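What follows is a single structure, written as C-alpha coordinates, with notes after it.
Numbering (the working numbering), first residue to last: 3 to 159.
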(Lines of atoms letter the chains of each structure in order from A and count residues from 1; the text may use other names and numbers.)
(Lines give C-alpha, C1' and ligand atoms only; values in the text may rest on other atoms or scores of the structure.)
Protein backbone atom coordinates (compact mmCIF):
# COMPACT_ATOMS: atom_id res chain seq x y z
CA UNK A 1 0.00 0.00 0.00
CA UNK A 2 1.03 3.59 -0.45
CA UNK A 3 1.21 4.14 3.31
CA UNK A 4 3.94 1.49 3.49
CA UNK A 5 5.98 3.09 0.75
CA UNK A 6 9.03 5.26 1.03
CA UNK A 7 9.09 7.69 -1.83
CA UNK A 8 12.30 9.60 -2.17
CA UNK A 9 12.47 12.22 -4.85
CA UNK A 10 15.47 14.38 -5.55
CA UNK A 11 15.20 16.90 -8.33
CA UNK A 12 17.93 19.04 -9.78
CA UNK A 13 16.58 21.57 -12.29
CA UNK A 14 19.12 23.59 -14.28
CA UNK A 15 21.38 24.47 -11.37
CA UNK A 16 18.61 25.03 -8.77
CA UNK A 17 18.53 22.23 -6.22
CA UNK A 18 15.09 21.24 -5.00
CA UNK A 19 14.84 18.38 -2.58
CA UNK A 20 11.48 16.85 -1.91
CA UNK A 21 11.42 14.09 0.66
CA UNK A 22 8.23 12.17 1.31
CA UNK A 23 9.05 9.91 4.18
CA UNK A 24 6.14 7.92 5.53
CA UNK A 25 7.83 5.70 8.09
CA UNK A 26 11.59 5.71 7.74
CA UNK A 27 14.64 7.75 8.66
CA UNK A 28 16.88 8.58 5.73
CA UNK A 29 20.62 8.64 5.54
CA UNK A 30 21.82 10.62 2.54
CA UNK A 31 25.45 9.78 1.99
CA UNK A 32 26.60 11.49 -1.21
CA UNK A 33 24.87 13.48 -3.90
CA UNK A 34 26.46 15.13 -6.91
CA UNK A 35 24.10 15.65 -9.83
CA UNK A 36 24.63 17.80 -12.92
CA UNK A 37 22.07 20.45 -13.80
CA UNK A 38 18.73 19.39 -15.34
CA UNK A 39 19.09 15.70 -14.38
CA UNK A 40 16.48 14.05 -12.17
CA UNK A 41 15.98 10.68 -10.57
CA UNK A 42 13.50 8.82 -8.39
CA UNK A 43 14.12 5.79 -6.17
CA UNK A 44 10.99 4.04 -4.91
CA UNK A 45 11.12 1.21 -2.36
CA UNK A 46 8.76 0.01 0.38
CA UNK A 47 9.69 1.00 3.94
CA UNK A 48 8.33 -2.31 5.19
CA UNK A 49 9.13 -5.37 3.11
CA UNK A 50 7.35 -8.67 3.69
CA UNK A 51 9.19 -11.96 3.70
CA UNK A 52 6.19 -13.92 2.35
CA UNK A 53 5.70 -12.26 -1.04
CA UNK A 54 7.74 -10.60 -3.80
CA UNK A 55 8.52 -6.92 -3.24
CA UNK A 56 9.18 -4.24 -5.87
CA UNK A 57 11.81 -1.52 -6.19
CA UNK A 58 11.77 1.08 -9.01
CA UNK A 59 14.31 3.58 -10.34
CA UNK A 60 13.70 6.37 -12.83
CA UNK A 61 16.17 8.79 -14.43
CA UNK A 62 15.18 11.79 -16.53
CA UNK A 63 17.37 14.00 -18.71
CA UNK A 64 20.63 12.21 -18.03
CA UNK A 65 23.64 13.98 -19.45
CA UNK A 66 25.91 10.91 -19.49
CA UNK A 67 25.79 7.11 -19.21
CA UNK A 68 25.65 5.75 -15.65
CA UNK A 69 26.49 2.49 -13.95
CA UNK A 70 23.46 1.73 -11.72
CA UNK A 71 23.36 -0.58 -8.72
CA UNK A 72 20.59 -1.25 -6.16
CA UNK A 73 21.39 -3.71 -3.35
CA UNK A 74 19.46 -5.16 -0.39
CA UNK A 75 21.68 -5.52 2.71
CA UNK A 76 20.57 -7.75 5.59
CA UNK A 77 22.64 -9.62 8.20
CA UNK A 78 25.90 -8.83 6.39
CA UNK A 79 24.54 -10.39 3.18
CA UNK A 80 24.20 -8.24 0.08
CA UNK A 81 21.63 -9.19 -2.56
CA UNK A 82 21.81 -7.28 -5.85
CA UNK A 83 18.39 -6.12 -7.05
CA UNK A 84 19.58 -4.28 -10.20
CA UNK A 85 22.95 -3.81 -11.74
CA UNK A 86 23.12 -2.31 -15.19
CA UNK A 87 24.60 0.34 -17.40
CA UNK A 88 22.10 3.14 -18.21
CA UNK A 89 22.71 4.83 -21.56
CA UNK A 90 19.30 6.35 -22.32
CA UNK A 91 18.47 9.93 -21.31
CA UNK A 92 15.16 8.72 -19.84
CA UNK A 93 15.18 5.39 -18.00
CA UNK A 94 12.63 3.54 -15.87
CA UNK A 95 12.91 0.08 -14.39
CA UNK A 96 11.23 -1.91 -11.64
CA UNK A 97 12.35 -5.25 -10.31
CA UNK A 98 10.77 -7.77 -8.00
CA UNK A 99 12.85 -9.24 -5.23
CA UNK A 100 12.45 -11.74 -2.41
CA UNK A 101 13.26 -10.82 1.15
CA UNK A 102 14.76 -13.33 3.60
CA UNK A 103 12.82 -13.93 6.83
CA UNK A 104 13.88 -11.55 9.59
CA UNK A 105 15.76 -12.84 12.58
CA UNK A 106 15.84 -10.97 15.88
CA UNK A 107 16.70 -7.69 14.10
CA UNK A 108 14.24 -6.73 11.33
CA UNK A 109 16.38 -3.80 10.10
CA UNK A 110 17.70 -4.04 6.53
CA UNK A 111 19.01 -1.47 4.04
CA UNK A 112 18.53 -0.63 0.39
CA UNK A 113 21.70 0.85 -1.12
CA UNK A 114 21.54 2.80 -4.38
CA UNK A 115 24.47 4.03 -6.43
CA UNK A 116 24.81 5.53 -9.89
CA UNK A 117 28.22 6.51 -11.22
CA UNK A 118 29.32 8.20 -14.40
CA UNK A 119 32.27 10.34 -15.45
CA UNK A 120 30.90 13.46 -13.67
CA UNK A 121 27.93 12.03 -11.72
CA UNK A 122 28.15 10.17 -8.42
CA UNK A 123 24.94 9.32 -6.57
CA UNK A 124 24.89 7.16 -3.45
CA UNK A 125 22.14 6.55 -0.92
CA UNK A 126 21.43 4.04 1.81
CA UNK A 127 17.88 3.72 3.17
CA UNK A 128 16.64 1.65 6.06
CA UNK A 129 13.74 -0.76 5.58
CA UNK A 130 12.05 -3.11 8.02
CA UNK A 131 11.45 -6.78 7.28
CA UNK A 132 8.06 -8.06 8.38
CA UNK A 133 7.73 -11.79 8.87
CA UNK A 134 4.28 -13.09 8.11
CA UNK A 135 3.42 -16.34 9.80
CA UNK A 136 0.94 -18.60 8.09
CA UNK A 137 -1.68 -19.74 10.58
CA UNK A 138 -4.69 -21.96 10.17
CA UNK A 139 -7.79 -21.30 12.24
CA UNK A 140 -10.28 -24.14 12.59
CA UNK A 141 -13.69 -23.31 13.98
CA UNK A 142 -16.03 -26.04 15.19
CA UNK A 143 -19.81 -25.85 15.18
CA UNK A 144 -19.95 -26.00 18.99
CA UNK A 145 -17.44 -25.34 21.78
CA UNK A 146 -17.51 -28.78 23.52
CA UNK A 147 -18.21 -32.25 22.16
CA UNK A 148 -19.24 -35.34 24.10
CA UNK A 149 -17.37 -38.60 23.39
CA UNK A 150 -18.58 -40.17 20.14
CA UNK A 151 -20.28 -37.04 18.78
CA UNK A 152 -19.54 -35.98 15.23
CA UNK A 153 -18.87 -32.34 14.60
CA UNK A 154 -18.71 -29.94 11.74
CA UNK A 155 -15.82 -27.61 11.19
CA UNK A 156 -14.92 -24.64 9.07
CA UNK A 157 -11.48 -23.58 8.00
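Every residue gets a Cβ at the ideal spot worked out from N, C-alpha and C, and that includes glycine. For clarity, every value in this text was computed on a predicted model and none was experimentally measured.
Which of the three DSSP states, helix, strand or coil, is assigned to residue i?
i           : result
residue 151 : coil
residue 92  : coil
residue 55  : coil
residue 61  : strand
residue 142 : coil
residue 134 : strand
residue 106 : coil
residue 47  : strand
residue 66  : coil
By Cβ distance below 6 Å, which residues in the same chain neighbour residue i in space, the five residues on each side in sequence not counted?
i           : result
residue 98  : 58 and 60
residue 134 : 50 and 52
residue 96  : 62
residue 106 : 133 and 135
residue 116 : 45, 74 and 127
Measure how close the beta-carbons of residue i and residue j come, nearest whole angstrom, since I'm counting them as under 8 Å.
i          : j           : result
residue 76 : residue 114 : 6 Å
Please return the same chain residues whose Cβ sits closer than 8 Å to the Cβ of residue i, not counting the five positions on each side in sequence.
i           : result
residue 90  : 63, 66, 69, 70, 71, 72 and 118
residue 146 : 155
Within 10 Å of its beta-carbon, does residue i have 16 or more other beta-carbons around it, so buried, or fewer, so exposed?
i           : result
residue 111 : exposed
residue 55  : exposed
Just to confirm my understanding: we take residue i, look at its own chain, exclude 5 residues before and 5 after, and list those with CB closer than 7 Å. What are they?
i          : result
residue 85 : 59, 74, 75, 76, 99 and 101
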